[in-house]
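K.L.:
Please find one structure pasted underneath; my questions will follow.
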Amino acid sequence: MSEIDLFPVPAQWAREARVDAAGYEEMYHRSVAEPDVFWLEQAQQLEWITPPTQAGDWSFDADDFHIRWFADGSLNASVNCIDRHLAERADQVAIIWEPDVPTEEPRRITYAELHREVCRFANVLKAQGVAKGDRVTVYLPMIPEAAFALLACARIGAIHSVVFGGFSPDALAGRIEDCGSKLVITADEGRRGGKTIPLKANVDAAAASAPTLERVLVVRATGGDVPLGERDTWYHEAAADVSDDCAPEPMAAEDPLFILYTSGSTGKPKGVLHSTGGYLLWAAYTHGLVFDYRAPNVYWCAADIGWVTGHTYIVYGPLANGATTLMYEGLPTWPDASRIWQVVDRHQVHTLFTAPTALRALMKEGDAPVGATSRASLRLLGTVGEPINPEAWRWYHDVVGEGRSPIIDTWWQTETGGALIAPLPGATDLKPGSATKPLPGVQPQLVDETGKVLNGATSGNLCITASWPGQMRTVWGDHDRFFQTYFTTYPGKYFTGDGCRRDEDGYYWITGRVDDVINVSGHRMGTAEVESALVLNHQVAEAAVVGMPHDVKGQGIYAYVTLKAGVEPSDALAAELKAWVRKEIGPIATPDALQFAPGLPKTRSGKIMRRILRKIAEGDTTSLGDTSTLADPAVVDDLVANRVSG
Ligand code: WT7
Numbered sequence: 001m002s003e004i005d006l007f008p009v010p011a012q013w014a015r016e017a018r019v020d021a022a023g024y025e026e027m028y029h030r031s032v033a034e035p036d037v038f039w040l041e042q043a044q045q046l047e048w049i050t051p052p053t054q055a056g057d058w059s060f061d062a063d064d065f066h067i068r069w070f071a072d073g074s075l076n077a078s079v080n081c082i083d084r085h086l087a088e089r090a091d092q093v094a095i096i097w098e099p100d101v102p103t104e105e106p107r108r109i110t111y112a113e114l115h116r117e118v119c120r121f122a123n124v125l126k127a128q129g130v131a132k133g134d135r136v137t138v139y140l141p142m143i144p145e146a147a148f149a150l151l152a153c154a155r156i157g158a159i160h161s162v163v164f165g166g167f168s169p170d171a172l173a174g175r176i177e178d179c180g181s182k183l184v185i186t187a188d189e190g191r192r193g194g195k196t197i198p199l200k201a202n203v204d205a206a207a208a209s210a211p212t213l214e215r216v217l218v219v220r221a222t223g224g225d226v227p228l229g230e231r232d233t234w235y236h237e238a239a240a241d242v243s244d245d246c247a248p249e250p251m252a253a254e255d256p257l258f259i260l261y262t263s264g265s266t267g268k269p270k271g272v273l274h275s276t277g278g279y280l281l282w283a284a285y286t287h288g289l290v291f292d293y294r295a296p297n298v299y300w301c302a303a304d305i306g307w308v309t310g311h312t313y314i315v316y317g318p319l320a321n322g323a324t325t326l327m328y329e330g331l332p333t334w335p336d337a338s339r340i341w342q343v344v345d346r347h348q349v350h351t352l353f354t355a356p357t358a359l360r361a362l363m364k365e366g367d368a369p370v371g372a373t374s375r376a377s378l379r380l381l382g383t384v385g386e387p388i389n390p391e392a393w394r395w396y397h398d399v400v401g402e403g404r405s406p407i408i409d410t411w412w413q414t415e416t417g418g419a420l421i422a423p424l425p426g427a428t429d430l431k432p433g434s435a436t437k438p439l440p441g442v443q444p445q446l447v448d449e450t451g452k453v454l455n456g457a458t459s460g461n462l463c464i465t466a467s468w469p470g471q472m473r474t475v476w477g478d479h480d481r482f483f484q485t486y487f488t489t490y491p492g493k494y495f496t497g498d499g500c501r502r503d504e505d506g507y508y509w510i511t512g513r514v515d516d517v518i519n520v521s522g523h524r525m526g527t528a529e530v531e532s533a534l535v536l537n538h539q540v541a542e543a544a545v546v547g548m549p550h551d552v553k554g555q556g557i558y559a560y561v562t563l564k565a566g567v568e569p570s571d572a573l574a575a576e577l578k579a580w581v582r583k584e585i586g587p588i589a590t591p592d593a594l595q596f597a598p599g600l601p602k603t604r605s606g607k608i609m610r611r612i613l614r615k616i617a618e619g620d621t622t623s624l625g626d627t628s629t630l631a632d633p634a635v636v637d638d639l640v641a642n643r644v645s646g
């Protein structure tokens, strides 16, 4: 690594940050040498009803598999995010809401108001019959009520399951059914980038195939003309005469806080379950550490609440730390490419946390939309979701941040609850494209295909050898799937599914998924899910889906489709099948390229050789490797000859 690729800690951060380079080393060492002492000490940053006396109690081994943290402690997450701040910051703004349309007024909700709104929401949920342990599906746009709904569930001990507003009625129905929610919280419509999303109509469409669904609570967001049926209640009507106060439910640390569905390499999406105590501590701990957050700085995580980033870094982490968190309804590029920077100026944002895909989209528009704004308030820039290419990193650092702000590249997953590998702004020298080093308490390990541990500067598959409080606890309804998915590839370790390089300075460079998961615009998509959607179409006999490089999305979706006998391939049919997937799953699953294939490359035992399909999708057709084990090697020639571009 040449000197020029190292960005030292900015002087101001080195002076003022809570943790400097020596502090990080000391903290890391202590977290590994004395984990119980370390974690019980960290746990004190939460307010407990019963403070825990035990830290981690876990084993990743098959015969004794269990994960528990702070098991004898009890607390309430909404109290930690709201009530405990009231004495000191009742009038501080907790949530700034920036609307989709820039000429509309933002909303500012103080901690005192947040308390009132969340209590009212909680009382409405109770009146709807929701009790501790019940699952509540949340299908809302990016409006403050989304945060109120989550915290209201947490207040009464209900388990929220947020479904991203971009998912189709079918995808929503599957997620309602899987966790057996009886209540869905939605809105009349959502708005994003000037378009409306028919959320309530989607819930109605989902209801037909979601028999557990009994009631729908509808928040009025756009005021659109939405008819209400027997199962539906307007939130504002239900909230008209409820109390402003709601006693929080005491929760055991291991009681579930939420379920969030995420795609895997096989089967239907998994309901990732997070705990109350361990997850909340991880959210608060990492938000405090990696952003060195101090009130009343304005902090903006430009994610959607439908993804884990929104849960941890818009709602739970910042509010647990008494932050002012900005919630943005719209898109970074609408109505024009400088909107994101206009929002920064309008609200004097100190910390901005966004995704590489957004940066690449903005970068394409050139520097002028950035230069038209001040951005003088920015001090820290974060990224998450996918590997950031050094070019985007440098643009973020030099053009957006004018060299003032460190780039905090956070590596993590829905399963990990919050960041695991990330720099600390006052401690870590940066290298563009590297998430740098593990946070205190995180023990990464690289292994080869056979599970052999690789030391020093090397590349391998990324595992985590010790549990951390924010680790997921189970797959909802399928504990065996949890164990099988994450702990059997390399027995005794949590396997992340990511490939990774570690350099001579101990810096980690995530190289991307090594399984059949693709990362589209920082969102995880299982190839099996897209394939299932395609074969549901009566014209399709078989489908295989792989990732392909995409200059804005990071990865695009490349689908190979074999049609049923008698069905003729055409451009119109390709467009129809792309639209079909979009309708079945949602816009994020739309294939970027679709190639008709008379046959797929299979081994004699019938296994599709995805390695070959990936190479062709990448356009790398000169090094297809050994094709001699294929049942019919000739299919490869046809695939190469008829490759399509995205
Ligand atoms: C996968 C997890 C983390 C919340 C959003 C995505 C990839 C995530 C990074 C990063 C390189 C990253 C990994 C991971 N990923 N962050 N900073 N550098 N890769 O959560 O949908 O659960 O996806 O996203 O491949 O396994 P997710």
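Numbering follows UniProt numbering, with no gaps: position 625 of the sequence shown is 625.
Yeah, the Cβ is synthetic: ideal placement off N, Cα and C, and Gly gets one too.
Only counting the same chain, and skipping five residues up and downstream in sequence, which positions put a Cβ closer than 6 Å to that of Ala-21?
P.N.:
Around Ala-21: Ala-427.
K.L.:
Where does Glu-3 fall in DSSP's three states?
P.N.:
For Glu-3, the predicted model reports a pLDDT of 47, less than 50, meaning its position is unreliable; a value from the coordinates is still stated below. Reduced to three states, the DSSP call for Glu-3 is helix.
K.L.:
What's the gap between the Cα of Asp-36 and the Cα of Cys-153?
P.N.:
If you take the alpha carbons of Asp-36 and Cys-153, they lie about 30 Å apart.
K.L.:
Buried or exposed for Lys-564, please, with buried defined as at least 16 other CB atoms from any protein chain shown within 10 angstroms of its CB.
P.N.:
It is exposed - the Cβ of Lys-564 has fewer than 16 other Cβ atoms within 10 Å.
K.L.:
In its own chain, which residues sit with a C-beta less than 7 Å from the C-beta of Cys-81, not counting the 5 before and 5 after it?
P.N.:
Around Cys-81: Leu-151, Tyr-316, Leu-319, Ala-320.
K.L.:
Are Ile-176 and Pro-144 touching if we call contact CB-CB under 8 Å?
P.N.:
No; because the gap between Cβ atoms is not below 8 Å, this pair is not in contact.
K.L.:
By how many angstroms is the C-alpha of Cys-500 removed from the C-alpha of Ile-510?
P.N.:
Distance between the alpha carbons of Ile-510 and Cys-500: 4 Å.
K.L.:
Within 10 Å of its beta-carbon, does His-491 have 16 or more other beta-carbons around it, so buried, or fewer, so exposed?
P.N.:
It is Pro, not His, that sits at residue 491 in the sequence shown. Its Cβ having fewer than 16 others within 10 Å, Pro-491 is exposed.
K.L.:
Measuring only the C-alpha atoms, how far is Ser-628 from Gly-547?
P.N.:
Whole-angstrom Cα-Cα distance: 24 Å.
K.L.:
The alpha helix (DSSP H) that contains Phe-167, what's its start and end?
P.N.:
Taken as a continuous stretch (DSSP letters only), Phe-167 belongs to no alpha helix (DSSP H), as it is neither H nor E.
K.L.:
For Asp-241 versus Arg-220, is the C-beta distance shorter than 8 Å?
P.N.:
No; because the gap between Cβ atoms is not below 8 Å, this pair is not in contact.
K.L.:
Suppose you measure from the CA of Gln-42 to the CA of Ala-574; what does that come to, to the nearest Å?
P.N.:
Distance between the alpha carbons of Gln-42 and Ala-574 is about 54 Å.
K.L.:
Taking its Cβ as the centre, do 16 or more other Cβ atoms sit within 10 Å of Ala-210, making it buried, or is it exposed?
P.N.:
Buried.
K.L.:
Given this structure, state the Cα-to-Cα distance separating Arg-18 from Ala-422, to the nearest angstrom.
P.N.:
Going from the Cα of Arg-18 to the Cα of Ala-422 covers about 16 Å.
K.L.:
State buried or exposed for Arg-15, treating a residue as buried only when at least 16 other CB atoms are found within 10 Å of its CB.
P.N.:
Answer is exposed; the Cβ neighbour count stays below 16.
K.L.:
With a cut-off of 7 Å, give the chain-ordered residues whose Cβ is closer than this to any heavy atom of the ligand WT7.
P.N.:
Residues flagged by the Cβ proximity filter: Thr-262, Trp-307, Val-308, Thr-309, Thr-383, Val-384, Gly-385, Glu-386, Pro-387, Ile-388, Asp-409, Thr-410, Trp-411, Trp-412, Gln-413, Thr-414, Glu-415, Ala-435, Thr-496, Gly-497, Asp-498, Ile-510, Gly-512, Arg-513, Asn-519, Gly-522, His-523, Arg-524.
K.L.:
What are the boundary residues of the alpha helix (DSSP H) that Asn-461 is part of?
P.N.:
Here Asn-461 belongs to no alpha helix (DSSP H); instead the beta strand (DSSP E) covers 458-464.
K.L.:
First and last residue of the beta strand (DSSP E) that includes Thr-233?
P.N.:
Residues 232-234.
K.L.:
For Arg-394, name the three-state secondary structure that DSSP assigns.
P.N.:
Looking at Arg-394 - three-state DSSP - the assignment turns out to be helix.
K.L.:
Between Ile-557, Val-130, Ser-59, which has its C-alpha nearest Arg-215's C-alpha?
P.N.:
Minimum Cα distance to Arg-215 is reached at Val-130.
K.L.:
So if DSSP puts Phe-353 in a beta bridge, which residue, or which two residues, is it bridged to?
P.N.:
Phe-353 pairs with Cys-301, Gly-382.
K.L.:
My understanding is that Arg-481 touches Lys-270, with C-beta atoms under 8 Å, so please give their C-beta distance in whole angstroms.
P.N.:
Arg-481 to Lys-270, Cβ: 7 Å. Contact.
K.L.:
Report the partner residues of Gly-190 according to the DSSP bridge assignment.
P.N.:
Gly-190 is bridged to Ile-197.
K.L.:
Let's see if you can read the secondary structure: which residues bound the beta strand (DSSP E) around residue 648?
P.N.:
The question about residue 648 has no answer, for the chain in this structure spans 1 to 646.
K.L.:
Is Gln-445 helix, strand or coil by DSSP?
P.N.:
In the structure shown, Gln-445 sits in a strand (DSSP, three-state: E or B).
K.L.:
Does DSSP put Glu-41 in a helix, in a strand, or in coil?
P.N.:
In the structure shown, Glu-41 sits in a helix (DSSP, three-state: H, G or I).
K.L.:
Are the CB atoms of Gly-264 and Thr-562 within a distance shorter than 8 Å?
P.N.:
Their beta carbons are not under 8 Å apart, which means Thr-562 does not touch Gly-264 by this criterion.
K.L.:
Could you tell me which residues DSSP puts in a beta bridge with Ser-74?
P.N.:
Paired residue(s): Thr-50, Ala-252.
K.L.:
Could you tell me the alpha carbon to alpha carbon distance between Gly-418 and Gly-288, rounded to whole angstroms?
P.N.:
Cα to Cα, Gly-418 sits roughly 12 Å from Gly-288.
K.L.:
Name the DSSP beta bridge partners of Val-370, please?
P.N.:
None; Val-370 has no bridge partner.
K.L.:
First and last residue of the alpha helix (DSSP H) that includes Ile-612?
P.N.:
Residues 610-618.
K.L.:
Measure the C-alpha to C-alpha separation of Thr-410 and Ala-634 and round it to an integer number of angstroms.
P.N.:
C-alpha separation (whole angstroms): 44 Å.
K.L.:
Please classify Val-530: does DSSP put it in a helix, a strand, or coil?
P.N.:
Three-state result, Val-530: helix.
K.L.:
Pro-211 by DSSP, collapsed to three states: which one?
P.N.:
Coil.
K.L.:
Kindly confirm or deny that the region 378-398 and the region 235-250 touch, where touching means at least three C-beta pairs closer than 8 Å.
P.N.:
Too few Cβ pairs lie closer than 8 Å, so no.
K.L.:
At the level of alpha carbons, what is the spacing between Thr-53 and Val-447?
P.N.:
Going by the C-alpha atoms only, they are around 34 Å apart.
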